[in-house]
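Residue numbers (this note's numbering), protein chains in the order written: chain R, 1 to 337; chain B, 1001 to 1337.
There are 2 protein chains.
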Amino acid sequence: MNVLITGAAGFLGQRLARALVERGHLQSSAGIAEPIEELCLFDVNPPAALARDSVVDSSSDPHRRSAPIRIRAVTGDIRDSALMRSLIDERTTAVFHLSAIVSGTAEADFDLGWSINLDGSRALLEACRQARARARVVFTSSVAVYGGALPVLVTDQTPLNPQSSYGAQKAMAELLLTDYNRKGFVDGRILRLPTISVRPGRPNGAASSFASGMIREPLAGEAAQCPVAAQTRLWLLSPVRAIEALVHGHELSPAAIGIARAINLPGLSLTAAEMAQALTRVAGTEVAARIEWQPDERVERIVASWPAAWDMSRALGLGFRPDADFDSVIRAYQSER
Amino acid sequence: MNVLITGAAGFLGQRLARALVERGHLQSSAGIAEPIEELCLFDVNPPAALARDSVVDSSSDPHRRSAPIRIRAVTGDIRDSALMRSLIDERTTAVFHLSAIVSGTAEADFDLGWSINLDGSRALLEACRQARARARVVFTSSVAVYGGALPVLVTDQTPLNPQSSYGAQKAMAELLLTDYNRKGFVDGRILRLPTISVRPGRPNGAASSFASGMIREPLAGEAAQCPVAAQTRLWLLSPVRAIEALVHGHELSPAAIGIARAINLPGLSLTAAEMAQALTRVAGTEVAARIEWQPDERVERIVASWPAAWDMSRALGLGFRPDADFDSVIRAYQSER
């Protein structure tokens, strides 16, 4: 089978690509493990090391090693319908749609957010429809589809009520994917991701960027701003569990998912203060003291509209796994560096 | 002020145009009654009698009569962004967005439904944004945004879960309008209409077309098919109340509506059998016997996914009015002919 990752130069995209190369296979639509022949890494930015056109041996386990995987790196605009059609054909039975304008940027640049997050998703889905392969499409949605007067625990029955352009765009892409799924054009799976922490690298335009920065920068000896109040509660998932979830989301049978294609992934519910306390326990008082509490009304308004926790029972029943605790998430981040 | 009606050649559009000419004024954004100077009637189909370029005297009541209203009729494609911009300027402070591909047609023609119902709505909203008049935009949404396992009584807290392309398109246009409203580009009002009955004229491509046909055709001495089971329950609103609701939806102050821009309009909950019984009471057994019960799985599937009733408390509190009973709705239809 051929696999496409959009947003492949992003943080999750790069990790997913490595995970798929390591794994070497994915479930086919017939429900059997099928070797990955080609992995297409698509992004608006030039690809990282793995992403250059190459052939790599899959799987470090020699018993599971199959034929080499062709890596095809393509840089372009996801709104380009002809380009998207050229990347997806009848052998493309797995698509991971990760590319998006992040929340803070989508709020600041209204036109860019709508055109990438809505039109881009539509160009991708339309290319899948034309290829007639009924690809399994794993789409990453977000806590940002919720908002307004939320219950303490968000459930599958909580109405979507986005309070940001990013959230509205994600909610609309969910509806679009669900209709393409209902029509049989794709086999869609929507994974609503908690805020990912701890991301390596530099801050980005996401309103939630601080949720990684306030851990990452202090560990690197730098100061970091926390722009939300200490009591603001976040719903968090580690990068390791996020990648596991993307692969698991693909592997699930359509029957296991049923009609409701969106799944709220498990997470950890912590206040910003509790995140700082975890950092103190893992790295000491001096490190945690590098967090500067500087409320930013613009960020606080977006982040406070997101749910602080949601019901995990459906996701757990489907086999998705949460992190044990945030201390271990910070330790895992340290051990990776 | 200038007023734009999209879908102005449609059944509701024509009636709304007549109602606005009769009325002669609408609330400005400042909350005061302002005379309508120009009424732009836009549709893909050529306009009806009123709609030809003309100047008409508003209001039959001489005490309320103001300057004549210019009627501007424009035939075109709502997806044409440049055309939409040419229709909307800084004086266009009232927009009634009624144009849509109806449910049955949107289900049968996937591309047409998405492009008119989503892209068309977007072109319209974008033209409003560019005109910088923060127009009050009244958008007609539908029972079709709901679906799946519904509670007996749908409330404002029931999640949107469309089970048709039309429903998905209406739900997405709601999200889009809500974000344009949140950003201050428009003052949006979403009215979720029950199924309108009794519509005059001929059957159309709406899955709910039979809800008028099974009353209208027997009254005209013709046979009519009812494609749903006798026990299938519908949520109904008369044309008279629908037009009242559109005008009232415009007149409400932004503060009265609050953050949740979508309002479920009041309706009557009747089974198809109860509709036939009302016809018997009003017009006799012989007329009602012209209803042929011929279940059509395609129509039944769509209609049965819609709510049979929803909580009216918010709409009633905002001053929207339901019909008294379906017998009087049929009698009102008869008296209009």
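Yeah, the Cβ is synthetic: ideal placement off N, Cα and C, and Gly gets one too.
Between residue i and residue j, is the Cβ-Cβ spacing less than 8 angstroms?
i	j	result
R/Glu342	R/Arg72	The shown model of chain R, from 1 to 337, leaves out residue 342 of chain R, and the question about it has no answer.
B/Ile1190	B/Phe1139	yes
B/Arg1192	B/Ser1141	yes
R/Leu153	R/Arg261	no
R/Val247	R/Asp187	no
B/Leu1279	B/Pro1218	yes
B/Ile1243	B/Ala1019	yes
R/Val303	R/Val198	no
R/Pro159	R/Ala168	no
R/Pro266	R/Pro322	yes
B/Leu1270	B/Leu1234	yes
B/Tyr1166	B/Ser1103	yes
B/Gly1076	B/Phe1042	yes
R/Arg15	R/Asp156	no
B/Val1145	B/Glu1174	yes
B/Ala1123	B/Met1084	yes
R/Ser81	R/Glu126	yes
R/Ala224	R/Glu274	no
B/Gly1147	B/Trp1306	yes
Do you know whose CA, among the options, lies nearest residue i's CA?
i	options	result
B/Ala1030	B/Thr1093, B/Ile1116, B/Arg1261 and B/Ser1099	B/Thr1093
B/Gln1294	B/Leu1124, B/Ala1304 and B/Cys1226	B/Cys1226
R/Asn2	R/Leu175, R/Ala207, R/Trp114 and R/Ile88	R/Ile88
R/Ile32	R/Val44, R/Leu252, R/Gln14 and R/Ile116	R/Leu252
R/Ile36	R/Ala171, R/Ile215 and R/Leu26	R/Leu26
R/Arg132	R/Lys183, R/Ile116, R/Val102 and R/Met214	R/Lys183
R/Gly317	R/Asn264, R/Glu292, R/Ala283 and R/Glu297	R/Asn264
R/Ser164	R/Phe210, R/Glu126, R/Ala220 and R/Thr105	R/Thr105
R/Arg290	R/Ala245, R/Ala276 and R/Val102	R/Ala276
R/Cys40	R/Gly13, R/Leu4 and R/Pro46	R/Leu4
B/Arg1241	B/Gln1157, B/Pro1194 and B/Val1021	B/Pro1194
B/Val1299	B/Asn1045, B/Gly1205, B/Leu1118 and B/Glu1090	B/Gly1205
R/Phe96	R/His250, R/Ala149, R/Ile196 and R/Leu83	R/His250
R/Glu107	R/Leu124, R/Lys170 and R/Arg70	R/Lys170
R/Arg70	R/Gly24, R/Asn181, R/Leu112 and R/Glu292	R/Gly24
B/Tyr1333	B/Val1282, B/Asn1117, B/Ala1230 and B/Leu1268	B/Val1282
When DSSP labels each residue in this structure, what does residue i get in the three-state scheme?
i	result
R/Leu12	helix
B/Phe1320	coil
B/Val1287	helix
R/Gln163	coil
R/Trp310	strand
R/Ile116	helix
B/Leu1175	helix
R/Thr155	coil
B/Val1198	coil
B/Ile1088	coil
R/Asp109	coil
B/Leu1020	helix
B/Leu1083	helix
R/Met1	coil
R/Asn204	coil
R/Leu124	helix
R/Lys183	coil
R/Tyr333	helix
R/Ser328	helix
R/Ala278	helix
B/Ala1149	coil
B/Ser1209	coil
Check the DSSP bridge columns for residue i and list the partner residues they point to.
i	result
B/Phe1139	B/His1097 and B/Ile1190
B/Trp1293	B/Cys1226
R/Gln130	In DSSP, R/Gln130 forms no bridge with anything.
R/Phe42	R/Thr6 and R/Val74
B/Ser1103	For B/Ser1103, which the question treats as bridged, DSSP gives no partner whatsoever.
R/Ala33	R/Gln27
B/Ser1305	According to DSSP, B/Ser1305 bridges with nothing at all.
B/Ser1269	B/Trp1235
R/Val56	R/Ile69
Beta carbon of residue i: closer than 7 angstroms to some heavy atom of the ligand NAD?
i	result
R/Ala17	The ligand NAD is absent from the structure shown, which contains no ligands of any kind.
Runs of beta strand (DSSP E) lying entirely within the stretch 1214-1265 of chain B, each at least 3 residues, in chain order: 1224-1226, 1233-1237 and 1262-1264
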